[in-house]
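Colleague:
There are 2 protein chains.
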Amino acid sequence: MRAYDVLIKKRDGVELDKSEIGLLVESYLDGELTDYQMSAFLMASFLNGLSLDETAALTEAMLSSGDVLSFEESLAPLVDKHSTGGVGDKVSLVLLPIAVECGLRVPMISGRSLGFTGGTLDKLESIPGIETSLDPEKMKEIVSEQGGCFAAQTERLVPADGKLYALRDATGTVESIPLITSSILSKKMAEGVEANVIDVKFGRGAFMEDEARAASLAEMLEEVGRRLSFKVKTILSPMDQPLGKSVGNALEVAEAVESLMGEGSDDLMALTHRLVAEMLLLAGRVETLERGVSLSKEAIDSQRALERFVSIVEAQGGRIDLEKEGFGLPRADFIASFKAGKSGLIKGIDARGIGELLREMGGGRFRAGDQIDPAPGFVFERKVGERVAVNDVICEVHASDESALSGAVSRLRDLIEIEAL
Amino acid sequence: MRAYDVLIKKRDGVELDKSEIGLLVESYLDGELTDYQMSAFLMASFLNGLSLDETAALTEAMLSSGDVLSFEESLAPLVDKHSTGGVGDKVSLVLLPIAVECGLRVPMISGRSLGFTGGTLDKLESIPGIETSLDPEKMKEIVSEQGGCFAAQTERLVPADGKLYALRDATGTVESIPLITSSILSKKMAEGVEANVIDVKFGRGAFMEDEARAASLAEMLEEVGRRLSFKVKTILSPMDQPLGKSVGNALEVAEAVESLMGEGSDDLMALTHRLVAEMLLLAGRVETLERGVSLSKEAIDSQRALERFVSIVEAQGGRIDLEKEGFGLPRADFIASFKAGKSGLIKGIDARGIGELLREMGGGRFRAGDQIDPAPGFVFERKVGERVAVNDVICEVHASDESALSGAVSRLRDLIEIEAL
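Residue numbers (our numbering), protein chains in the order written: chain C, 210 to 630; chain X, 210 to 630.
(1) So X:N600 is in the beta strand (DSSP E); what residue range does that whole segment cover?
(2) At least one CB of chain C closer than 7 Å to the CB of X:Q246: is that the case?
(3) State the start and end residues of the unbroken beta strand (DSSP E) segment that holds X:E628.
(4) May I ask you to verify whether the segment 404-413 of chain X touches the segment 603-612 of chain X, counting CB pairs closer than 8 Å and requiring at least 3?
(5) With distances taken Cα to Cα, identify the nearest neighbour of C:G295 among C:M448, C:I217 and C:L491.
(6) Tell me where the beta strand (DSSP E) around X:I351 begins and ends.
(7) For C:M317, does the three-state DSSP call read helix, strand or coil?
(8) Relative to the C-alpha of X:F325, which residue among X:A629, X:L567 and X:L233 is closest?
(9) Which whole-angstrom value describes the C-beta separation of C:N257 and C:K219, a residue pair presumed to lie in contact below a C-beta threshold of 8 Å?
(10) Got a sec, what are the start and stop residues for the alpha helix (DSSP H) X:T201 sits in?
(11) Can you check whether the CB of C:I627 is closer than 7 Å to the CB of C:G553?
(12) Can you check whether the C-beta of X:L216 is within less than 7 Å of a C-beta belonging to chain C?
(13) List the residues of chain X that C:N257 touches, going by C-beta distances under 9 Å, in chain order.
(14) Determine the direct distance from the alpha carbon of C:A253 to that of X:A253, and round the result to whole angstroms.
(15) Between X:S459 and X:V288, is the Cβ-Cβ spacing less than 7 Å?
(16) For a contact defined as C-beta to C-beta under 7 Å, what are the partners of X:L676 on chain C?
(17) Alpha carbons only, please: which of C:L437, C:C311 and C:E472 is nearest the one belonging to C:R494?
(18) Can you tell me where the alpha helix (DSSP H) holding X:V406 begins and where it ends?
(19) Along the alpha helix (DSSP H) that carries X:V234, what are the first and last residues, could you check?
(20) So which residues of chain C does X:A577 contact, with C-beta pairs closer than 7 Å?
(21) Straight-line CA distance for X:G571 to X:G327?
(22) For C:L272, which residues from the same chain have a beta carbon less than 7 Å from its beta carbon, with the 5 sequence-adjacent residues on both sides left out?
(23) Which residues in the same chain have their Cβ closer than 7 Å to the Cβ of C:L504, if we skip the five residues on either side of it in sequence?
(24) So, at 8 Å on beta carbons, what are the nonlocal neighbours of C:S342 in its own chain, with the 5 sequence-adjacent residues on each side left out?
(25) For C:V502, which three-state DSSP category applies?
(26) Between C:D239, C:E229 and C:E523, which has its C-alpha nearest C:A266's C-alpha?
(27) Taking C-alpha atoms, which residue in X:A492, X:S392, X:L515 and X:A427 lies nearest to X:E189?
(28) C:P447 by DSSP, collapsed to three states: which one?
(29) With H, G and I counted as helix, E and B as strand and the rest as coil, what does DSSP make of X:F255?
(30) Please decide whether X:L341 counts as near chain C, where near means a Cβ-Cβ distance under 7 Å.
(31) Suppose only complete runs of 3+ residues qualify. What are the beta strand (DSSP E) ranges in the segment 280-338 of chain C, listed by chain order?
(32) Excluding five sequence neighbours on each side, which residues of the same chain lie with their C-beta closer than 7 Å to the C-beta of X:T382?
(33) Shorter than 6 Å, the distance from the beta carbon of X:E310 to the closest heavy atom of the ligand HEM, or not?
(34) Please return the same chain residues whose Cβ sits closer than 6 Å to the Cβ of C:S335, not counting the five positions on each side in sequence.
(35) Could you tell me the alpha carbon to alpha carbon distance between X:A492 and X:T390, rounded to whole angstroms?
(36) If you draw a straight line from the alpha carbon of C:L259 to that of C:E431, how long is it in whole angstroms?
See the structure below:
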């Protein structure tokens, strides 16, 4: 059996066994199976599908392609949270210190911004001095001292995923549920945690617009997790308008800090508390979601989560100055208000359009490796479902130059829909 | 519209238009679309199919990737024949001089052996001195003087086909009927002929084992030809046992010469006359197949086709010596007889197995670029349906060393099936 024969089997719709999938991934990493052969396999998998067993085997093969972190047993329960990505999704920044204060250990590995969605890592890196490239030893040290850390994906963890993702991105095979499943689970399993809560987003500001497809992904994540004895709990959450108040790297960190201070917006905090509660439930730390939610709220009310965030950031070399306006984060030089052109009800704020606009303003990437400007973004004063009068401020626009500012303000007209009453 | 978007459309089963397919092929030849992107497209085409219009567009795009030969109008009618490949298929060698003597002009471009099947070009090259790398000027000169020539595919004609074929071969996407159709038709159209008769082979000695699939290919070849105003006539022919008496490069040239002398075997000559007749019919030179067949036979009986063959070979620098035994062709040093182990009826001669055995004896290629030994092969004294007694010679085995000879003789036991009566 050669890797080529495995490709032919998948082309012909035959279910592959674990050793065949292992051979395929190994041959690819060895360079014996070429990029063009692997991309033919990916397209065949996209079109013919991969079963739960095949997806589990692929996840394991990818996991074996690199290192797997392991923490001392005394650090249990190790639990992480993952989001499939959205616009304004700064949940990880708020959730991690809360989860730590509720007794969980969270060695979180995050990604960078991709397409129109942001990335936790890019947001964090707007904090002056912060270091996110942590080697395993450093991660263990910080998790042991602080209870959690924010780290970047490294090439030593699941190297197969980086190679495969680049190929999928170039060949139109990203949006395959089994391929997404194996990519997410292999990376989360490599963190050495025992359980993971996954926030599967749907709607026009998510990669998966369709709720039914998001539900299929959620089901597959849980089913494949079960096959691999890795505890996975998914929740589905809508992503039509941006989550919380702000969109933009430094602005979202500032919002996260304000949320930890107890001033978080309802949508952001409801989702964050729910996810913390699911993590606690999954780790067996609480018996009901309600109990988890109240523990999560206590961590905010007591200011313990806020202090923990500042302390973790410091342990990673960064500084959040709670006394300063804007917490010492980079701030755009040009700020303008976007006002309602007519009175009525805000019917929609196009999350995807906002994400794409941010990217054009320098706050996202068109290509891997692009530099990100932390300052630009949007702060929404009003959200979907609220009434506005003419000239009410709907959002503040932050930009690094005047032409970007005026361009963005005029573009918002098309992205924010107001229905006259 | 970028080539990438064309790939996505095909992935999603949307029919592509001519400009989209043109863009895809051009981008690929420019290097803008990578090999791995093209192989994803090929797999999507393999699995989702290509319509007749898409296949016609792909054929045209491939044709435009290189030069197209053009001959003076006085040389009309220019007609060629193509075979999808089989074992012992030396029809082209016999047919070309006959067709020329029947008034057709045949600038034939042939391929090399591939897998278990032989290639006309490799067979021809067992003739001492022959040159098959003819540039367009030389082809025109020989066609003009001799009425036909045997030339090798060059990189200037349909360069897209060479690149795509290599990719299909490595990614399991060779056996797609639309992709086969565009590959065959683009190469034949690039010859500058007005019509082509295509011998679509099926059975265990052909690339397409299944007759129904061969019939689909034949239908698509004719339909796509019609859309491109290129006259195509297909015939389906079985390929279970080797065609004619011999298998092996020099041995098949010798058989072709003997056939031109009037000593051809029934199966080979029936197919050859039928194909010549179809060419004459397609070119409007005869009104019925029967008339075509009798013209073809006359060319043999009059020895004109034999003389034409010798003369074309000479024009290409080669020499066939009709006076010498074996016509001056290379001859193996080791020859043995394979005899019937029991009496009975010959039930099967496994064409594919024979082709593979020849390849192992040096008479075929495992990889493009492998050197071919012209001498080894088989000459069958008896074929399927004939009765044999114990120790009757079924075939002669020619090999270049003793161990290959004894190995081949013992292997034949499994490839030739005798049913006791």
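Cβ coordinates follow ideal geometry from the N, Cα and C atoms, glycine included.
Modeller: On the basis of the coordinates in this document:
(1) Looking at the DSSP string, X:N600 is not in any beta strand (DSSP E), and its letter there is neither H nor E.
(2) yes
(3) I625 to E628
(4) no
(5) C:M448
(6) First-last for X:I351: P345 to Q355, but that is the alpha helix (DSSP H), not the beta strand (DSSP E).
(7) strand
(8) X:L567
(9) 6 Å
(10) Limits of chain X in this structure are 210 at one end and 630 at the other, which puts residue 201 of chain X out of reach.
(11) yes
(12) yes
(13) L256
(14) 7 Å
(15) The amino acid occupying residue 459 of chain X in the given sequence is Ala; Ser does not appear at that position. The answer is no: Cβ separation not under 7 Å.
(16) Outside the displayed range of chain X (210 to 630) lies residue 676 of chain X, so it cannot be described from this structure.
(17) C:C311
(18) Per DSSP, X:V406 belongs to no alpha helix (DSSP H); it is in the beta strand (DSSP E), A404 to F411.
(19) K227 to D239
(20) Here the premise fails: no neighbours, minimum Cβ distance about 16 Å.
(21) 12 Å
(22) V367, S395, M398 and A399
(23) C311, L489 and V495
(24) A360, A361 and T363
(25) helix
(26) C:E229
(27) A query on residue 189 of chain X cannot be resolved here, the shown segment of chain X reaching from 210 to 630 and no further.
(28) strand
(29) helix
(30) A small fix is needed here, since residue 341 of chain X is Thr in this sequence, not Leu. Not closer than 7 Å to any Cβ of chain C, the Cβ of X:T341 fails to qualify, so no.
(31) 288-292 and 315-319
(32) L251, M252, F255 and L388
(33) Looking at this structure, you won't find the ligand HEM or any other ligand, since it has none at all.
(34) N458, A459, V462, L538, P539 and P583
(35) 21 Å
(36) 15 Å
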